[in-house]
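Only one structure is covered here, and it is reproduced in the block below.
In the working numbering, the protein residues as written are 142 to 470.
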């Protein structure tokens with residue numbers, strides 16, 4: 142009886158292990174195999190290889206994958222290149238997209254560049270698997286980054302001017318469908334509204350991950366103070382310093398603009414600037430106005446008085462609301 146019981150437990154244990162193994166996501170084709178086949182095809186057809194690395198950790202990866210496999214784009218690329226697509230790094234829930242040994246292949250050919258995310262990456266290889274050029278990080282800077290990708294592709298001597306022009310036009314059209322507006326355009330549009338409505342432009346630099354950015358928005362949107370802000374300011378947001386999984390939301394040019402206004406001694410968000418209706422810079426503030434910090438909060442109140450004509454009663458209510466909202470977060 143004991144033997145039967147032990148056998149039953151053993152069988153149950155083996156079944157559990159098998160179910161766990163079966164439940165694991167299936168991995169893709171080995172990257173070394175994909176690259177080997179791509180190089181053989183490139184030699185046979187006298188082309189170059191585009192080694193493309195994606196990762197769902199960066200929101201530009203799906204966009205690039207759609208672009209390179211777009212029915213209007215792919216035929217142009219196929220005339221000159223053999224596409225080799227790999228996924229070196231995926232979180233567990235997307236593990237089935239990852240190619241075995243892809244990280245090894247990627248690390249062998251990708252040249253790390255400080256300040257630029259590694260994914261997505263496009264690496265141009267010759268038929269001897271020599272790196273000719275690379276592009277990575279996506280299209281955070283908009284058309285400037287699209288131009289960099291175009292420059293990489295045109296390093297192929299067989300890539301004609303007509304092909305390059307056609308490709309640029311198609312890729313740019315695809316980008317514009319999903320791209321956020323440029324940061325400078327947001328500022329210009331907000332200043333134009335301020336001019337029309339005789340207000341000041343109030344530009345807030347923020348990001349999805351920024352806790353105090355959300356607290357600031359919540360405080361300013363409370364009914365008892367919103368009337369003041371809406372009456373005195375044309376308010377808009379610029380997304381900057383965004384995380385990789387939301388990087389497609391970042392407004393092109395935002396990093397340069399916030400750096401210009403903050404200067405070398407300040408960093409971080411939320412950060413906001415006030416500009417008059419003629420585009421002249423008036424004031425700025427870094428962080429959430431903390432009523433517990435008397436000196437910095439007085440600066441905040443001074444800005445509201447000088448740029449928005451805030452009355453003592455309005456300032457008192459703003460202070461009450463900002464303190465209350467902070468205590469709830």
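Idealized CB from N, CA, C, for every residue including glycine.
Coil, strand or helix - residue 209 by DSSP: Within the chain shown, numbered from 1, the residue matching residue 209 stands at position 68. DSSP places residue 209 in helix when its eight states are reduced to three.
message: So, under 8 Å CB-CB, residue 242 and residue 171 are touching, yes? Tell me the CB distance rounded to an integer number of Å.
response: Working through the chain shown from its first residue, we reach residue 242 at position 101. Working through the chain shown from its first residue, we reach residue 171 at position 30. With 8 Å as the limit, residue 242 and residue 171 qualify as a contact, their Cβ atoms being about 5 Å apart.
Residue 452 - DSSP class collapsed to helix/strand/coil: To locate residue 452, count along the chain shown from 1; it is residue 311. In the structure shown, residue 452 sits in coil (DSSP, three-state: anything other than H, G, I, E or B).
message: Within the continuous beta strand (DSSP E) that includes residue 354, where are the two ends?
response: What you label residue 354 is simply residue 213 of the chain shown in a count that begins at 1. Not the beta strand (DSSP E): residue 354 falls in the alpha helix (DSSP H), residues 352-361.
task: Please confirm whether residue 102 and residue 261 have their CB atoms less than 8 Å apart.
output: The structure shown does not extend to residue 102, since the chain is modelled only from 142 to 470, so the question has no answer here.
Sequence-distant residues of its chain with Cβ nearer than 8 Å to residue 309 (five each side left out): For the purposes of this step, residue 309 is taken as the residue at position 168 of the chain shown. 287, 291.
message: Excluding the 5 residues flanking residue 395 on each side, which residues of the same chain have their C-beta closer than 6 Å to its C-beta?
response: On the chain shown, position 254 is the one that residue 395 refers to. If we look at residue 395 and ignore the five residues flanking it on each side, its Cβ neighbours are 324, 379, 381.
task: Kindly provide the ranges of any alpha helix (DSSP H) runs that are 4 or more residues long and lie completely inside the region 229-278, ordered along the chain.
output: 243-250
message: With H, G and I counted as helix, E and B as strand and the rest as coil, what does DSSP make of residue 406?
response: Residue mapping note: residue 406 aligns to position 265 of the chain shown, counting from 1. Residue 406 falls in the coil class under three-state DSSP.
- prompt: By DSSP, does residue 307 sit in helix, in strand, or in coil?
  reply: Locating residue 307 in the chain shown gives position 166, counting from the first residue. Helix, per DSSP.
message: Determine whether the beta carbon atoms of residue 276 and residue 389 lie at a separation below 8 Å.
response: By one-based count along the chain shown, residue 276 stands at place 135. By one-based count along the chain shown, residue 389 stands at place 248. The answer is no: Cβ separation not under 8 Å.
Same chain, Cβ closer than 6 Å to residue 238, five either side skipped, listed in chain order: Residue 238 sits at position 97 when you count from the first residue of the chain shown. Excluding sequence neighbours, residue 238 sits near 228, 231.
- request: Give the single residue among 296, 328, 406, 426 whose Cα lies nearest to the Cα of residue 357.
  value: Indexing the chain shown from 1 puts residue 357 at position 216. Minimum Cα distance to residue 357 is reached at 426.
Buried/exposed call for residue 447, threshold 16 Cβ in 10 Å: Translated into the one-based positions of the chain shown, residue 447 becomes position 306. So residue 447 ends up on the exposed side.
query: Around the C-beta of residue 280, are 16 or more other C-beta atoms found within 10 angstroms, so that it is buried, or is it exposed?
result: One-based indexing of the chain shown puts residue 280 at position 139. Under this definition residue 280 is a buried residue.
- prompt: On the premise that residue 418 lies in contact with residue 373, defined as a C-beta separation below 8 Å, what is that separation, rounded to the nearest angstrom?
  reply: For the purposes of this step, residue 373 is identified with residue 232 of the chain shown, where counting begins at 1. For the purposes of this step, residue 418 is identified with residue 277 of the chain shown, where counting begins at 1. At roughly 12 Å, the Cβ-Cβ gap does not stay under 8 Å, so residue 373 and residue 418 are not in contact.
query: Between the C-alpha atoms of residue 247 and residue 274, what's the straight-line distance to the nearest angstrom?
result: Within the chain shown, residue 247 is the residue found at index 106, counting from 1. Within the chain shown, residue 274 is the residue found at index 133, counting from 1. When rounded, the distance between both Cα atoms is 14 Å.
query: Is the region 251-268 in contact with the region 179-190, if contact means three or more CB pairs nearer than 8 Å?
result: yes
- prompt: Using the rule of at least 16 other Cβ atoms within 10 Å of the residue's Cβ for burial, across every protein chain shown, is residue 300 buried or exposed?
  reply: By one-based count along the chain shown, residue 300 stands at place 159. Residue 300 comes out buried.
message: With a threshold of 6 Å on Cβ separation, who are the neighbours of residue 334 within its own chain once the five nearest residues in sequence on each side are excluded?
response: Reading the chain shown from its first residue, position 193 is the one you call residue 334. Once the five neighbours on either side are set aside, the close Cβ partners of residue 334 are 375.
field: Distance, residue 226 Cα to residue 249 Cα
entry: Taking the first residue of the chain shown as position 1, residue 249 is located at position 108. Taking the first residue of the chain shown as position 1, residue 226 is located at position 85. Looking at the two C-alpha atoms, the distance is approximately 15 Å.
- prompt: Contact between the region 311-320 and the region 354-371: three or more CB pairs below 8 Å?
  reply: no
- request: Name, in chain order, the residues that DSSP records as bridge partners for residue 224.
  value: Locating residue 224 in the chain shown gives position 83, where the first residue counts as 1. For residue 224, which the question treats as bridged, DSSP gives the partners 191.
query: Nearest-angstrom Cα distance between residue 257 and residue 282?
result: Along the chain shown, one-based indexing puts residue 257 at 116. Along the chain shown, one-based indexing puts residue 282 at 141. Cα-Cα distance, rounded: 12 Å.
query: DSSP on residue 433, reduced to helix/strand/coil?
result: If you number the chain shown from 1, residue 433 lands on position 292. Residue 433 falls in the coil class under three-state DSSP.
Among 295, 328, 189, the one whose alpha carbon lies nearest that of residue 416: Taking the first residue of the chain shown as 1, we reach residue 416 at position 275. The residue with the shortest Cα to Cα distance from residue 416 is 328.
For residue 346 and residue 424, the rounded distance between their alpha carbons: Counting from one through the chain shown, the residue named residue 424 turns up at place 283. Counting from one through the chain shown, the residue named residue 346 turns up at place 205. The alpha-carbon atoms of residue 424 and residue 346 are separated by roughly 14 Å.
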